[in-house]
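Residue numbers (the numbering used here), protein chains in the order written: chain A, 40 to 286; chain B, 742 to 980. Here the structure comes first, spelled out in structure tokens, and everything after it is commentary.
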Ligand SMILES: Nc1ncnc2c1ncn2[C@@H]1O[C@H](COP(=O)(O)OP(=O)(O)OP(=O)(O)O)[C@@H](O)[C@H]1O
Ligand SMILES: [Mg+2]
């Protein structure tokens, strides 16, 4: 198991206000290749902080994150190189509004990987085909629906050919009728063997697609296990009461 | 004296109109050169301030010289902004001319520097406001793709900032054009002083001063029109 660990997180802590707020209070877990880790928990439990620490959008207070043979939580690490291999999908899409869909997708591969315009666009078009949005390549983000925006955001991240994709509540900002189309894309990715860490309130998705469910509360992992372990026979009181509220 | 005689007295006799044209040329030179200085210096100051704001946490974490240097430059920029936005430009101009560059013979050069440095303080805040107005998610999206701080700024943030602040920036330069009218305080014949010289000779205030006012007005109205057109274009491309 340890051999395929893609990311090894050890005793990760993130404190705010000189330790008055402990958003993360010692997280230890491994993320294995091909695994879909679904992170659930009440609001303020530290789910986003954990996810954003994995690619150092939040700077950890202490602890280590081993990725690609290096502790990326240490100072003086060139995080930009590592981030190219860790795609991120945000709740609010964060597409670049001044660029077409195609430009959104090709700018990073062209500038960072030195791909030619033709190669980058060919790759982008293939990905757009896969999510059924090839006809929107020349559209601007403001001309797209929420579900379309999020699908574009996912393929934008995929253009960099990352080893892992991080999702922070990818469907929370969507109208209910658009949640399905985004979850479908994520399911397809999971089937194709993509390693994913997904913070979500979609328990159906967690149960169906997750290979492991992690329940966080107060900055720590309270319980983790397979979806059926977690949903059918939760052990801790906190998880039981959380599930009672959300299911 | 009728209108025609007044006109001849104030503008035609002794080629007095050249006071106006020379002044206008100086006003335009000062405005354009100061605007360029303001733009470049203002961008540098804004870059220091926002780089510090956005990176101070990670710089502090790395420790060492980088953090100390950035903190120092940030403090210098803050002090500069406070001083130059907190005092009248005419006082700054006189301090430059009579104290700092007291030995300089080139009044025009001193005025350009003084107005440029003053304008830069306002341009810096326009730029900073523009950068801050861009949703932090844009910045994070850029960084999460693997762009470093400077690349994210260059490719993602700045193009959006420029679109957002172009009207404000142009309005700052229109204000600058009018502000240069105090250049006469340090002996430069700008448009205002050109008109005032004529008044001093002919002892008739109406024609030269109204002529000066009209010329400013025409320039400002034309430039404002241009800003309006650019604003409309930008809004259209926003979709
Ligand atoms: N910049 C900050 N300064 C101070 N406290 C913060 C900051 N960011 C987050 N926190 C705190 O850290 C804790 C964890 O926040 P986080 O956003 O990770 O929770 P979450 O599980 O993602 O919640 P949600 O489901 O609402 O998104 C919260 O108590 C929050 O108030
Ligand atoms: Mg969150």
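Just so it is clear, CB atoms sit at the ideal spot from N, CA and C, and this is done for glycine as well. Only a predicted model underlies this, so the values are computations on that prediction, with no experimental measurement involved.
### Query
Does at least one heavy atom of ligand 2 sit under 7 Å from the Cβ of residue 208 of chain A?
Translated into positions along the first chain, residue 208 of chain A becomes position 169. It does: the Cβ of residue 208 of chain A is within 7 Å (strictly closer) of some heavy atom of ligand 2.
### Query
Is it right to say residue 207 of chain A is buried, meaning 16 or more other beta carbons lie within 10 angstroms of its own, or is it exposed?
The residue labelled residue 207 of chain A in the question sits at position 168 within the first chain. Burial of residue 207 of chain A is indicated by the presence of at least 16 other C-beta atoms within 10 angstroms of its C-beta.
### chain B within 8 Å of residue 163 of chain A, Cβ atoms only
Translated into the one-based positions of the first chain, residue 163 of chain A becomes position 124. Against chain B, the CB of residue 163 of chain A has no partner CB under 8 Å away; the residue lies outside that interface.
### Query
Going by beta carbon distance, what residues of the same chain come within less than 7 Å of residue 845 of chain B, once the five residues before and after it are set aside?
Along the second chain, read from residue 1 onward, the residue named residue 845 of chain B stands at position 104. Answer for residue 845 of chain B: 851, listed in chain order.
### Query
In this structure, what does DSSP give as the bridge partners for residue 66 of chain A?
Residue 66 of chain A sits at position 27 when you count from the first residue of the first chain. Answer by DSSP bridge pairing, in chain order: A:51.
#### Entry: Any non-hydrogen atom of ligand 1 closer than 7 Å to residue 775 of chain B Cβ
Working through the second chain from its first residue, we reach residue 775 of chain B at position 34. Not so, every heavy atom of ligand 1 lies at least 7 Å from the Cβ.
### Task
With 7 Å as the limit, tell me which residues of the stretch 185 to 211 of chain A have their beta carbon closer than that to any beta carbon of chain B; keep them in chain order.
Cβ contacts with chain B: 199.
### Message
Helix, strand or coil, according to DSSP, for residue 788 of chain B in the structure here?
### Response
Within the second chain, numbered from 1, the residue matching residue 788 of chain B stands at position 47. Residue state, collapsed to three classes: helix.
### Message
Looking at ligand 1, does it come within less than 7 Å of residue 261 of chain A, judged from the CB to the closest heavy atom?
### Response
Your numbering for residue 261 of chain A matches position 222 in the first chain. Not so, every heavy atom of ligand 1 lies at least 7 Å from the Cβ.
### Through-space distance from residue 882 of chain B to residue 807 of chain B, alpha-carbon basis
For the purposes of this step, residue 807 of chain B is taken as residue 66 along the second chain, with counting starting at 1. For the purposes of this step, residue 882 of chain B is taken as residue 141 along the second chain, with counting starting at 1. Near 25 Å, if we compare the C-alpha coordinates of residue 882 of chain B and residue 807 of chain B.
### Query
Quick one: does residue 793 of chain B have its CB under 8 Å from some CB of chain A?
Taking the second chain and counting its residues from 1, one reaches residue 793 of chain B at position 52. No, because no Cβ of chain A sits closer than 8 Å to the Cβ of residue 793 of chain B.
#### Entry: Contacting residues, own chain, Cβ-Cβ under 6 Å from residue 258 of chain A (five flanking each side not counted)
Here residue 258 of chain A is taken as the residue at index 219 of the first chain, counted from 1. So the list reads 61, 62, 63, 64 and 85, once near-sequence residues are dropped.
### Task
Compare the C-alpha of residue 144 of chain A against each of A:159, A:282 and A:112 and name the closest.
Along the first chain, one-based indexing puts residue 144 of chain A at 105. Comparing Cα positions, the closest option is A:159.
### Task
Express the C-alpha separation of residue 960 of chain B and residue 156 of chain A in angstroms, rounding to a whole number.
Along the first chain, read from residue 1 onward, the residue named residue 156 of chain A stands at position 117. Along the second chain, read from residue 1 onward, the residue named residue 960 of chain B stands at position 219. About 44 Å.
### Task
Closer than 8 Å by C-beta to residue 782 of chain B: which residues in its own chain qualify, once you throw out the five before and the five after it? Chain order, please.
Position 41 of the second chain, counting from 1, holds the residue named residue 782 of chain B. Taken in chain order, the residues that qualify are 857, 858, 861, 864 and 865.
#### Entry: N- and C-terminal bounds of the alpha helix (DSSP H) containing residue 816 of chain B
Locating residue 816 of chain B in the second chain gives position 75, where the first residue counts as 1. Counting along the chain, the alpha helix (DSSP H) containing residue 816 of chain B begins and ends at 806 to 827.
#### Entry: Coarse secondary structure for residue 101 of chain A, derived from DSSP in three states
In the first chain, the residue the question calls residue 101 of chain A occupies position 62. DSSP, reduced to helix, strand and coil, places residue 101 of chain A within a strand of the structure shown.
### Task
Check the Cβ-Cβ distances between residue 985 of chain B and every residue of chain A, and say whether any is below 8 Å.
Outside the shown range of chain B (742 to 980) lies residue 985 of chain B, about which nothing can therefore be said.
### Query
From this set, B:760, B:750 and B:840, which residue's C-alpha is nearest residue 932 of chain B's C-alpha?
As a position in the second chain, residue 932 of chain B is number 191, starting the count at 1. Among B:760, B:750 and B:840, the Cα nearest to that of residue 932 of chain B belongs to B:760.
### Task
In angstroms with no decimal places, state the Cα-to-Cα distance between residue 908 of chain B and residue 919 of chain B.
The count along the second chain starts at 1 and reaches residue 908 of chain B at position 167. The count along the second chain starts at 1 and reaches residue 919 of chain B at position 178. About 17 Å.
### Query
From residue 976 of chain B to residue 910 of chain B, what does the alpha carbon distance come to, in whole angstroms?
Translated into the one-based positions of the second chain, residue 976 of chain B becomes position 235. Translated into the one-based positions of the second chain, residue 910 of chain B becomes position 169. C-alpha separation (whole angstroms): 16 Å.
### Query
Mind pulling the chain A residues with CB within less than 9 Å of residue 881 of chain B?
The residue given as residue 881 of chain B occupies position 140 in the second chain. Counting only Cβ-Cβ distances below 9 Å, residue 881 of chain B has contacts in chain A at 91, 96, 127, 129 and 133, in chain order.
### Task
Under 6 Å Cβ to Cβ from residue 793 of chain B, same chain only, skipping five residues before and after it: list those, please.
To locate residue 793 of chain B, count along the second chain from 1; it is residue 52. Cβ contact annotation for residue 793 of chain B (same chain, cutoff 6 Å, sequence separation greater than five): 811 and 815, in chain order.
### Query
Which partner residues of residue 781 of chain B appear in the DSSP bridge assignment?
Against the second chain, residue 781 of chain B aligns to sequence position 40. The secondary-structure analysis by DSSP pairs residue 781 of chain B with nothing; it has no beta-bridge partner.
### Query
If you scan the stretch 201 to 286 of chain A from start to end, which runs of the alpha helix (DSSP H) of 4 or more residues do you find wholly inside it?
DSSP runs (the alpha helix (DSSP H)) wholly in the stretch 201 to 286 of chain A: 215 to 230, 242 to 248, 266 to 271 and 276 to 285.
### Query
Excluding five sequence neighbours on each side, which residues of the same chain lie with their C-beta closer than 7 Å to the C-beta of residue 818 of chain B?
Position 77 of the second chain holds residue 818 of chain B. The residues are 786, 789 and 790.
### Cα-Cα separation, residue 751 of chain B to residue 839 of chain B
Start at 1 with the first residue of the second chain, and residue 751 of chain B comes out as number 10. Start at 1 with the first residue of the second chain, and residue 839 of chain B comes out as number 98. Between the C-alpha atoms of residue 751 of chain B and residue 839 of chain B there is a straight-line separation of about 32 Å.
### Query
Going by beta carbon distance, what residues of the same chain come within less than 6 Å of residue 837 of chain B, once the five residues before and after it are set aside?
Translated into the one-based positions of the second chain, residue 837 of chain B becomes position 96. Taken in chain order, the residues that qualify are 851 and 855.
### Query
Near residue 170 of chain A, what residues of its chain come up, given a Cβ to Cβ distance below 6 Å and the 5 sequence neighbours on each side ignored?
Taking the first residue of the first chain as 1, we reach residue 170 of chain A at position 131. Closer than 6 Å at Cβ, skipping near neighbours: 190, 194 and 224.
### Task
Just grab the DSSP bridge partners of residue 967 of chain B for me.
Translated into the one-based positions of the second chain, residue 967 of chain B becomes position 226. Note: residue 967 of chain B sits in no beta bridge, so no partner.
### Query
Under a CB-based cut-off of 8 Å, is residue 904 of chain B close to chain A?
Locating residue 904 of chain B in the second chain gives position 163, where the first residue counts as 1. With respect to chain A, the C-beta atom of residue 904 of chain B has a partner C-beta closer than 8 Å.
### Query
Which class does residue 71 of chain A belong to by DSSP, given the choice of helix, strand or coil?
Looking up residue 71 of chain A in the first chain gives position 32. The answer is strand: DSSP assigns residue 71 of chain A an E or B state.
### Task
Kindly provide the chain-ordered list of residues whose Cβ lies closer than 5 Å to any non-hydrogen atom of ligand 1.
Per the Cβ criterion, the list is A:55, A:60, A:62, A:82, A:83, A:84, A:85, A:86, A:87 and A:88.
### Query
Does residue 282 of chain A come within less than 8 Å of chain B when only Cβ atoms are used?
If you number the first chain from 1, residue 282 of chain A lands on position 243. False, the Cβ-Cβ gap to chain B never drops below 8 Å.
### Query
Per DSSP, residue 78 of chain A is paired with what?
On the first chain, residue 78 of chain A is found 39 positions in, with the first residue counted as 1. A:238 and A:253, per the DSSP bridge assignment.
### Per DSSP, the bridge partner or partners of residue 125 of chain A
Indexing the first chain from 1 puts residue 125 of chain A at position 86. Paired residues: A:203.
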